[in-house]
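Structure record follows, encoded as structure tokens.
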Amino acid sequence: MQTVLNVRSTARPHPDSSAPENRSEQIARVLRGVLKLGTSLAVCLLLSLTAYAQTVVSTTNPAALGEAVDAAGNVYYVSRAAQNIVLKATPTGTGYAESKFFTSTSNVTGNIAIDASGTLFAIEGNKVVRFAPGGGGETSIATLTLPSTFTTGLTLDAAGNVYVTTSTSVMKISSAGTSTVVSGLNSPSSVGVDGSGNLYIVEAGNSRVLKETLTGGSFTQSVLMTGLIGPQGLVVDAVGNVYATDIHHIYKAVPTGGGYTLRLFGYFDAAIPDDLEPQWLAVAQDGNTLYVEGLTVGQPPLLAFPASSVDAARLQFADTALGSTTSQTLTYKFAAAATLGSYRVTTLGATGLDFTDAGGGTCAAATAYAAGASCTVAVTFTPRHAGTRAGAVTLVDNAGAVIADVPVSGTGTGPQIAFIPATGTQVRAGSISYTGIAVDGNGVVYLSDAINQRVLKETPGTGGTYTETVIASGLQGPSGIAVDGAGNLYVTDHPNPITAYRVAVALKFTPNASNGYTQTTVATGLNSPKGITVDGSGNVYIGDIRGDGNSGGVVVRLTPLPGGRYSQAKIAEPDSFGGIAVDGTGTVYTADINGLTAVVPTSSGEFKTSVFSSGNVSPNGSIAVDGAGDVYVSGAGSGANQQISRVKADGNGNYALSVAAGSGVITVDGGGSVYGIGSLYTPAGSVGGVYKADQENAPKLTFPSLAVGTTYGIPTQVQIANIGNSPLIFSVPASGTNPSISANFLNKQQGYSDGCSLLTPTSSTVTLAPGGECRDFVDFAPTVSGAITGALTTTDNNRNVAGATQVIALNGTGSGGTGTTAPQAALSPATGSFGTVVVGSSSAIITFTLSNAGNAALPITSVGISGTNAASFALGTVSCGTSLAASATCTIAVKFTPTAAGPATATLSVNDSVGTQSAALSGTGTTVATPQATLTPATAAFGSVNVGSASALQVFTLTNGGTAALPITSISIVGINASAFTLGTNTCGTTLATGASCTIQVSFRPSAAGSASASLSVVDSVGTQSSTLTGTGTSVAPPVADFSLSVPNPSQTVQRGATATYTLQLLSTTAGANFTSAVTLTATGLPNGATASFTPASLVPGTTQAAAATMTINVPTQVSQARQNPKQAIAAVVSFASLLLLLPLQRRKVAFRLLTLLFAAMLCTAVMSGCGDGVSTATSTSNITVTGTSGAVSHSTTVTLNIN
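If you read the sequence shown in our numbering, its first letter stands for residue 713, the second for the next number, and so on.
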């Protein structure tokens, strides 16, 4: 979250402003104030604090030339009114106090920087100047010969060396002089330096960011960011994160495993009020605030955004198959001292689901943990649903307050079935005022009620009932609502109706120990937010409008930071805005009446926006995404046409809407069930209000009463959708059919193009791909009177359970006596195509099924093949016999053995008592059997891979499209860099059958930096098939050794004359690079007269366990106290007396009496002070800085010493 700090002075009126004071009263009041305050006077400029979307440090004075921040958090920037003036903004707790820091001899033309001593450096045309702290004056430290000048970039390293850009280079200014360290650049605009001395340069002329790695006194160049549009500013924080500006963007490059991960920090638009085009950056020394200067349509502001040098804690599981369990351990580091009361592991706020406590962790209840201390929680992941699953580890203190919610996430893999039509349940009647809906892991439904300005909770009970409670009331106009892995609620809230921009907020409701919720504000400065959603990592996304009077929307992201803070920034600007949802990949989906938009994260860190489906969306634009990434959107229309649709890809970049269930504002749970506000249409009728459309459990089909011996004739359909992320496999039955169906009901999917396959013992396995759908068609043909029940049973591997059964209950009623009896005959499939077969050879068998759906046996006269090319087709096994029982099936096997080259056709005919059932047969004969070999893809680029590391595997496919088997001689990698590529698994063997294909895996593992190329070669009977392989090896900089310094018990209390002892711990912190140099310990800020000693004075940090040293502080019994000169007191009295002469005569007499008493009192005080013993034994508290230094590496920590 960002907070606005508006800079403006505040005048404080006199308590009695209605009675102005005359001159003598004013002077008397001043005297009273002086007597009360002593001789010290304080003058400060007060700045007010207003909560908005970003912290405004200054809106009227920055010149957009860069800013600097010192260790105390003071911000320095150049005045726009006079560029020879540098201003200072000092944090006051409620705002900033702005003052003039210095005035230079000429205008500042580039960036500024400040060192640890408070010395400020600036660029002034062709020279670099410094200003000593405390008004020490201006000194030029480097000058270029005109007309050459320095450009804008300037930074300092830890040793105080200055780096500055020219039009073609970076120069270093040190005590040894000025030198060029990087040359051949194209218009560098900014430069930064990390703790290891590596330089980072914005090369504006080539629209990129460079890294110059310092090794052995020289720099090696690499490209950190490229493809930018207009990069300008750059800053590096204390741990090496690099922030860079680029027109509308600020990017953050995070060091990751020898490389960098590029992230979008924020998207900006100077046309929007309180926004800007970012140019210059500075970061607080603790990394918790990023300062931004830039351009805008009005006065350029200086903004501050919450940031962090490290990510908030989270736990990410690898993909885990449904039915399997994996485990990980969370290590939590306490940001502040706390006593742990308890912790819990939840899935969407519910215990005992996907994520559970494995036990064996070290986090213990009723245990006090110091700041920086750690404990562990072991977590297991057993996914119950396919797709992304969100949970949390929540730590609670002994008072019941939440210490931290650590997001936990993982992806379940496997097929998962959803059934349509859904089974509808009413959660709550009356829905006109509900504007948002969410559901947690317990099935609890949460509603935002805009008209009544409240948030409701609907808890499921027995028998489909729900109990309602009010979570919050008295809000403005709540709209969107979402729930995270810990069960926290997020609600957008804005005035209703909207009368002003930037006054809407996002609220967070955290479950507390009183079985209620604690409300906090997590986002401000919003306009008219339409929706809110949260991903498995705890990132919150808000759909809002621009707020500048123009059409269009914005996506605002709240990124969780350590300590419970949020960083708030825009990431995209879709054309318009309605609902919002996010999937497991971080893709954000938005919806409005114009269609559906995807905001997709890219490898470059930014988000790309594209419309992927237009129209058929309701005006409220409600949208939801399930764990497997299936998108649901509420459709347009009215009545029974107002339905929710599931959006699916066709594999060609196009999307189609597949009817799901219901209408209105929606959300969806992990099982695929839709919760909505509106109307749900089911075969049993309409369900209105707030409803649940259960698509996870199989529905029940009920047919109308029907006369015995007749058929309903209008098959009822049930859609089976695979909303998982693995293929759904339908089992081949050992006998009968799959799906099987009870007597009196008929399976009618034959003849429908989207019908689910009817499998027999001779069928091949059939799969339903992720996102795929098929339909079962069921008809009713009663053979008996009365109530009839049955089932359509499908056997598959739903949720990775072999032999899982999905049972659709069937109900109907037969009427009218015993009825008539008659067989019914059907032959399927209607056609059989055998493809191309060599003359004299035989094809694979195709199995045809004869079904008797009647209620009497079907006499069979003959089964045969007839037609022009009947001799080329032959019957195989026929299980039909001379009679087929009622509701039974039999099979007929046919193969193709061509007798001549060319196309062949015939007809399979079954003559029975009903008539002749037939199927068309076709195939093509060929006289020459030859293999054909194709290797794809023809080229494969493996990209850049670190030396010694391996790329992801790439898969090549060898296909035999000929009419004969393909003998394979060898598979190898050849070429000048063949050793850089490695063969993985291949499925080819020594022969590839006709029409078959096999796969070959290859990876790239460079042993040296630079480009590499080779070829994948397959030698077979056709010749040599090859694919070109390319990749680039990149050098990996060795890790830089570092250490940490900590004090487990940083606060001590002693009596004067005693000693205080602190244990210091030093630990090597860089994986793969132990810190092996000795660290020297020092202490500053000691109490007056105290001394500190260290045992040992220096030591090498431990590698696996911290090395310990002892700091001993000797506190003296007494401390010398400066004596006051009596002349000072007498001089003060004389000054007061001169002021009395300004009073009127009558008041002067009273005042002189007062002066006499004052003189006596002050003289007594002065004499006593002048004659005192000059020592003090008063109590005191000192904050002592302990520093460990080894070469250029230094770390400090603070301890507290209380003296009684």
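From the three backbone atoms N, C-alpha and C, an ideal C-beta is built for every residue, glycine too.
Cα-Cα, which of LEU1811, THR1822, ALA1724 and ALA1790 is closest to VAL1917? Because the chain here runs from 713 to 1916, residue 1917 falls outside it and cannot be looked at.
Enclosing beta strand (DSSP E) for PHE931 [first to last residue]: Counting along the chain, PHE931 sits inside the beta strand (DSSP E) bounded by residues 930-937.
Sort SER901, THR925 and GLY907 by Cα distance to GLY942 and report the nearest one. Nearest C-alpha to GLY942: SER901.
Closest by C-alpha distance to PRO774, when choosing among ALA1676, LEU988 and ARG1056: Closest option to PRO774, Cα to Cα, is LEU988.
Using only the alpha-carbon positions, how far apart do SER893 and GLY1655 sit? For the sequence presented, residue 893 should be read as Val rather than Ser. Answer to the nearest angstrom: the Cα atoms are 30 Å apart.
Cutoff 6 Å; reference THR1671; Cβ partners in own chain excluding five residues on either side: If we look at THR1671 and ignore the five residues flanking it on each side, its Cβ neighbours are THR1646 and SER1709.
Using the Cα positions of SER1240 and TYR1158, report the straight-line distance between them to the nearest angstrom. Each residue's alpha carbon lies about 21 Å from the other.
Assuming THR1079 is part of the beta strand (DSSP E), what are its boundary residues? DSSP places THR1079 inside the beta strand (DSSP E), whose first and last residues are 1079-1081.
Close Cβ partners of PRO1445 (< 8 Å) along its chain, the five nearest in sequence each way excluded: Closer than 8 Å at the Cβ level, and outside the excluded window around PRO1445, lie SER1452, LEU1471, THR1472, PRO1473 and THR1507.
Three-way DSSP call (helix, strand, coil) for THR1174 in this model: When DSSP states are grouped into helix, strand and coil, THR1174 belongs to the helix group.
Would you list the one or two residues that DSSP bridges to CYS1944? Only positions 713 to 1916 of the chain appear in this structure, which leaves residue 1944 out of reach.
Grab the span of the beta strand (DSSP E) containing SER1540 for me, first residue to last. That run of the beta strand (DSSP E) goes 1537-1540.
Nearest to GLY1112 by alpha carbon, out of TYR1055, SER1160 and ALA1102? Closest by C-alpha distance to GLY1112, out of TYR1055, SER1160 and ALA1102, is TYR1055.
Take the Cβ of ASN1353 as the centre, count every other Cβ of all protein chains shown within 10 Å, and call the residue buried at 16 or more, exposed below. Per-residue confidence for ASN1353 stands at a pLDDT of 42, beneath the threshold of 50, marking its modelled position as unreliable; no derived number is given.
Per DSSP, the bridge partner or partners of TYR1213: Checking the DSSP bridge columns, you'll see TYR1213 has no partner listed.
Mind checking which residues open and close the beta strand (DSSP E) that includes THR1063? Here THR1063 belongs to no beta strand (DSSP E), and DSSP marks it neither H nor E.
Could you tell me if ASP1031 is buried or exposed, where buried requires 16 or more neighbouring beta carbons within 10 angstroms of its beta carbon? Residue environment for ASP1031: exposed (fewer than 16 other C-beta atoms within 10 angstroms of its C-beta).
Hey, would you say ASP981 sits closer than 8 Å to GLU1285, going by beta carbons? Yes, they are a contact pair.
With 16 other Cβ atoms within 10 Å as the buried cut-off, status of SER1780: SER1780 comes out buried.
If we ignore side chains and look at the alpha-carbon of each, how far apart do ALA950 and ALA1050 end up? Distance from the CA atom of ALA950 to the CA atom of ALA1050, rounded to whole angstroms, is 27 Å.
From ILE1389 to ASP1161, what does the alpha carbon distance come to, in whole angstroms? Near 11 Å, if we compare the C-alpha coordinates of ASP1161 and ILE1389.
Should the segment 1116-1130 be regarded as contacting the segment 1034-1054, the criterion being three or more beta carbon pairs within less than 8 Å? Result yes; three or more Cβ-Cβ pairs closer than 8 Å.
By the 10 Å Cβ neighbour count, where 16 or more other Cβ atoms means buried, how is PRO859 classified, buried or exposed? With fewer than 16 Cβ atoms within 10 Å of its Cβ, PRO859 is classed as exposed.
In three-state terms, what does DSSP make of THR1638? Reduced to three states, the DSSP call for THR1638 is strand.
Applying the 10 Å Cβ sphere with the 16-neighbour rule, what's the burial state of ASN898? Exposed, since its Cβ has fewer than 16 Cβ neighbours within 10 Å.
What distance in whole Å lies between the Cβ atoms of VAL1420 and PHE1457, which are believed to be in contact at a cut-off of 8 Å? Going by Cβ atoms, the distance from PHE1457 to VAL1420 rounds to 14 Å, so no, they are not a contact pair.
If PRO1209 and VAL1215 are in contact, beta carbons under 8 Å, what's the gap, nearest whole angstrom? Incorrect: roughly 12 Å between the Cβ atoms, too far for contact.
With DSSP collapsed to three states, give me the class of ARG1860. Legend: pLDDT at ARG1860 = 47, less than 50; position of this residue unreliable, no value from coordinates given.
Excluding the 5 residues flanking GLY1363 on each side, which residues of the same chain have their C-beta closer than 6 Å to its C-beta? Unreliable positioning characterises GLY1363 in this predicted model, as indicated by a pLDDT of 37, which lies under 50. A coordinate reading is not provided.
Extent of the continuous beta strand (DSSP E) run through PHE1560: Taken as a continuous stretch (DSSP letters only), the beta strand (DSSP E) holding PHE1560 covers 1558-1564.
Measuring alpha carbon to alpha carbon, tell me which residue in THR1058, PRO1813 and GLY907 is nearest VAL1905. Out of THR1058, PRO1813 and GLY907, GLY907 has the C-alpha closest to the C-alpha of VAL1905.
Under 8 Å, do ILE1915 and VAL1766 count as touching if we go by C-beta distance? Yes.
Roughly how many whole angstroms lie between the Cα atoms of GLY1186 and TYR1146? Taking the straight line from one Cα to the other gives about 15 Å.
Give the single residue among VAL1606, LEU1418 and ALA1586 whose Cα lies nearest to the Cα of GLY1528. Ranking the options by Cα distance to GLY1528, first place goes to LEU1418.
Helix, strand or coil for GLY1498? Go by DSSP, reduced to three states. Residue state, collapsed to three classes: strand.
From which residue to which residue does the beta strand (DSSP E) around VAL769 run? 767-770 is the span of the beta strand (DSSP E), which, as asked, contains VAL769.
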